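>
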Amino acid sequence: MKKFLTTAFASLGLVVAAQAHDPPGGLLVAVNFPDANVPVIDGNAGEWAPVPLDQYGIFSESLYSIHGFAGENVEQGGLDASSMQIRHIVGWNDATNNVYITSRVFDNIHITQRQDPGKFFWDDSVEYELNAAHQARDDLNPGDDATSFSYKFAFPVYQETFEWYRPIVNLPWMTSGSQWVEIAHSHEGEEFGESTYTYELRILPIERMPRSDEATEDQVEIHDLTEGGVIHITLTVNDVDGGEGDGDNRIGMWSTNPTSCCHAGQDLLLTPADPNIDWGAATAVEASSWGRIKSQF
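Here the sequence shown is numbered in the working numbering, starting from 6 and rising by one per residue.
1. Secondary structure at Ser200, three-state DSSP: helix, strand or coil?
2. Taking the continuous alpha helix (DSSP H) assigned at Asp253, which residues delimit it?
3. Determine the closest residue to Gly123 out of Asp246, Ala159, Gln184, with distance taken between C-alpha atoms.
4. With a threshold of 8 Å, are at least 3 pairs of Cβ atoms found where one atom belongs to the stretch 28-35 and the other to the stretch 258-275?
5. Which residues in the same chain have their Cβ closer than 8 Å to the Cβ of Gly252, if we skip the five residues on either side of it in sequence?
6. Where does Trp284 sit, in a helix, a strand or coil, going by DSSP?
7. Would you call the CB atoms of His115 and Tyr202 closer than 8 Å?
8. Below 6 Å CB to CB, which residues in the same chain sit around Ala287 once its five sequence neighbours on both sides are set aside?
9. Grab the span of the alpha helix (DSSP H) containing Leu58 for me, first residue to last.
10. Return helix, strand or coil for Arg142, following the three-state DSSP convention.
11. Roughly how far, in whole angstroms, is the beta-carbon of Gly257 from the beta-carbon of Ala75, given that I think they are within contact range, below 8 Å?
12. If we call anything under 8 Å between Cβ atoms a contact, is Met214 one with Glu226?
13. Could you tell me the alpha carbon to alpha carbon distance between Leu209 and Asn254, rounded to whole angstroms?
14. So which of Asp99, Tyr105, Pro55, Phe38 has the shortest CA-CA distance to His48?
15. Throw me the rounded Cβ distance for the Arg119 and Gly250 pair, which I believe falls under 8 Å.
16. Sort Gly285, Gly247, Thr241 by Cα distance to Cys267 and report the nearest one.
17. Helix, strand or coil for Trp127, going by three-state DSSP, please let me know.
18. According to DSSP, simplified to helix, strand and coil, what is Gly96?
19. Taking the alpha-carbon positions, what's the Asp244 to Ala100 distance?
20. Out of Leu145, Arg92, Trp284, Val110, state which residue places its alpha-carbon closest to the alpha-carbon of Ser155.
21. Give the secondary structure of Glu134 by DSSP, where H, G and I count as helix, E and B as strand, and everything else as coil.
22. Counting along the chain, where does the beta strand (DSSP E) carrying Ala215 start and finish?
23. Expressed to the nearest angstrom, what Euclidean distance is found between the alpha-carbon atoms of Val162 and Pro57?
24. Using DSSP with H/G/I as helix, E/B as strand and the rest coil, what is Asn103?
25. Could you tell me if Val174 is buried or exposed, where buried requires 16 or more neighbouring beta carbons within 10 angstroms of its beta carbon?
26. Nearest-angstrom Cα distance between Asp246 and Asp223?
27. Applying the criterion that 16 or more other CB atoms from any shown protein chain within 10 Å of the CB defines a buried residue, is Ser130 buried or exposed?
28. Would you mind reading off the limits of the beta strand (DSSP E) that contains Asp272?
29. Taking only the alpha-carbon atoms, compute the straight-line gap between Phe38 and Asp149 and give it to the nearest angstrom.
What follows is the structure in structure tokens.
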């Protein structure tokens, strides 16, 4: 890791803490976006170009095969590069109080053919888990509360469906384009063939809310992202080949989590501003400040 990140960790007193916690999958880091350079969620990852990949990139080589779809006892980084290649970057911004994620996925064949529109995992798809409260797995979603959230997407849109959220589903106010979450995608190559898909996502992190289909926005407790803070995250890509769209034909489930899917399990450090990144000219229209958002709750 570059000298800047090592110095930043030490100055924040996080090296010892991270080693003591020993999170599964290791420590991930989120680049700190300047206010004028936060990503526009449009599926074009141009705003991410200045980010040094050797410091902030998460590549196939560090991902784990989970749930046995790629075979038993597949070692970390055991993904066949001729079939799929993955790169994630995670970022954050204090003013917008958003977590940002971009994923770039090369696949030798992109599949969207599920017959059941709700079975997103029967197609090539991405899953992102976020637990801003930084809880152990056994402490997630206690009692009637929701504290760990899953954001799941499959593109192209099929029968008007592309987004799924857990542990609460079908909340009319928590959909892409709302203040809570927004995703966009683009692709190079064949839409339903050999291609590279780019996903771009932003999430306003929720600390806690009722785990109820009747939950309302005014019941949400928002997590205040802070420099040096650590939250939990997991990034997962589903690889599906063949089949008739009437069953689970995954040949791989590749995740930052070495154990299993569907919960946020890796530590994500919210880094300070990186003085070594040349962000260039402003690329984004400044969003509503976190202060104004927070004053509404």
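A virtual CB, placed ideally from N, CA and C, is assigned to each residue, including glycine. These numbers were taken from a predicted model, which means no experiment stands behind them.
Let me spell this out:
1. For this step, residue 200 is matched to residue 195 along the sequence shown. Reduced to three states, the DSSP call for Ser200 is strand.
2. Within the sequence shown, numbered from 1, the residue matching residue 253 stands at position 248. Looking at the DSSP string, Asp253 is not in any alpha helix (DSSP H), and its letter there is neither H nor E.
3. To locate residue 123, count along the sequence shown from 1; it is residue 118. Gly123 has its Cα closest to that of Ala159, out of Asp246, Ala159, Gln184.
4. yes
5. Locating residue 252 in the sequence shown gives position 247, counting from the first residue. Within the same chain, Gly252 has close Cβ partners Trp127.
6. On the sequence shown, position 279 is the one that residue 284 refers to. If DSSP states are grouped into helix, strand and coil, Trp284 belongs with coil.
7. As a first step, residue 115 must be located in the sequence shown, where it is residue number 110. As a first step, residue 202 must be located in the sequence shown, where it is residue number 197. Yes, the pair counts as a contact, with Cβ atoms nearer than the cut-off.
8. As a working note, residue 287 is residue 282 in the sequence shown. Correct list, in chain order: Ala41.
9. Looking up residue 58 in the sequence shown gives position 53. Taken as a continuous stretch (DSSP letters only), the alpha helix (DSSP H) holding Leu58 covers 58-61.
10. As a working note, residue 142 is residue 137 in the sequence shown. In the structure shown, Arg142 sits in a helix (DSSP, three-state: H, G or I).
11. Translated into the one-based positions of the sequence shown, residue 257 becomes position 252. Translated into the one-based positions of the sequence shown, residue 75 becomes position 70. About 4 Å; that satisfies the 8 Å criterion.
12. Position 209 of the sequence shown, counted from the start, is the residue given in the question as residue 214. Position 221 of the sequence shown, counted from the start, is the residue given in the question as residue 226. Cβ distance < 8 Å, so Met214 and Glu226 count as in contact.
13. One-based indexing of the sequence shown puts residue 209 at position 204. One-based indexing of the sequence shown puts residue 254 at position 249. If you take the alpha carbons of Leu209 and Asn254, they lie about 33 Å apart.
14. Looking up residue 48 in the sequence shown gives position 43. Residue 48 is actually Gly in this sequence, not His. Of Asp99, Tyr105, Pro55, Phe38, the residue nearest in Cα terms is Tyr105.
15. The residue labelled residue 119 in the question sits at position 114 within the sequence shown. The residue labelled residue 250 in the question sits at position 245 within the sequence shown. Confirmed, about 5 Å.
16. In the sequence shown, residue 267 corresponds to position 262, counting from 1. The option with the nearest alpha carbon to Cys267 is Thr241.
17. Working through the sequence shown from its first residue, we reach residue 127 at position 122. Note: Trp127 maps to helix in three-state DSSP.
18. The count along the sequence shown starts at 1 and reaches residue 96 at position 91. In the structure shown, Gly96 sits in a strand (DSSP, three-state: E or B).
19. In the sequence shown, counting from the first residue as 1, residue 244 sits at position 239. In the sequence shown, counting from the first residue as 1, residue 100 sits at position 95. So the alpha carbons of these two residues sit roughly 35 Å apart.
20. Start at 1 with the first residue of the sequence shown, and residue 155 comes out as number 150. Cα-wise, what sits closest to Ser155 is Leu145.
21. As a position in the sequence shown, residue 134 is number 129, starting the count at 1. DSSP places Glu134 in strand when its eight states are reduced to three.
22. As a first step, residue 215 must be located in the sequence shown, where it is residue number 210. A small correction: the amino acid at residue 215 is Pro; Ala does not occupy that position in the sequence shown. Note, Pro215: beta strand (DSSP E), 211-215.
23. To locate residue 162, count along the sequence shown from 1; it is residue 157. To locate residue 57, count along the sequence shown from 1; it is residue 52. So the alpha carbons of these two residues sit roughly 32 Å apart.
24. Sequence index remark: in the sequence shown, residue 103 carries index 98 (1-based). Reduced to three states, the DSSP call for Asn103 is strand.
25. As a working mapping, residue 174 is identified with position 169 in the sequence shown. With fewer than 16 other Cβ atoms within 10 Å, it is exposed.
26. Translated into the one-based positions of the sequence shown, residue 246 becomes position 241. Translated into the one-based positions of the sequence shown, residue 223 becomes position 218. Their Cα atoms are separated by approximately 42 Å.
27. Numbered from its first residue, the sequence shown carries residue 130 at position 125. Answer is buried; the Cβ neighbour count reaches 16.
28. Mapped onto the sequence shown, residue 272 falls at position 267. Looking at the DSSP string, the run of the beta strand (DSSP E) that includes Asp272 is 271-275.
29. For the purposes of this step, residue 38 is taken as residue 33 along the sequence shown, with counting starting at 1. For the purposes of this step, residue 149 is taken as residue 144 along the sequence shown, with counting starting at 1. Cα to Cα, the separation comes out at about 35 Å.
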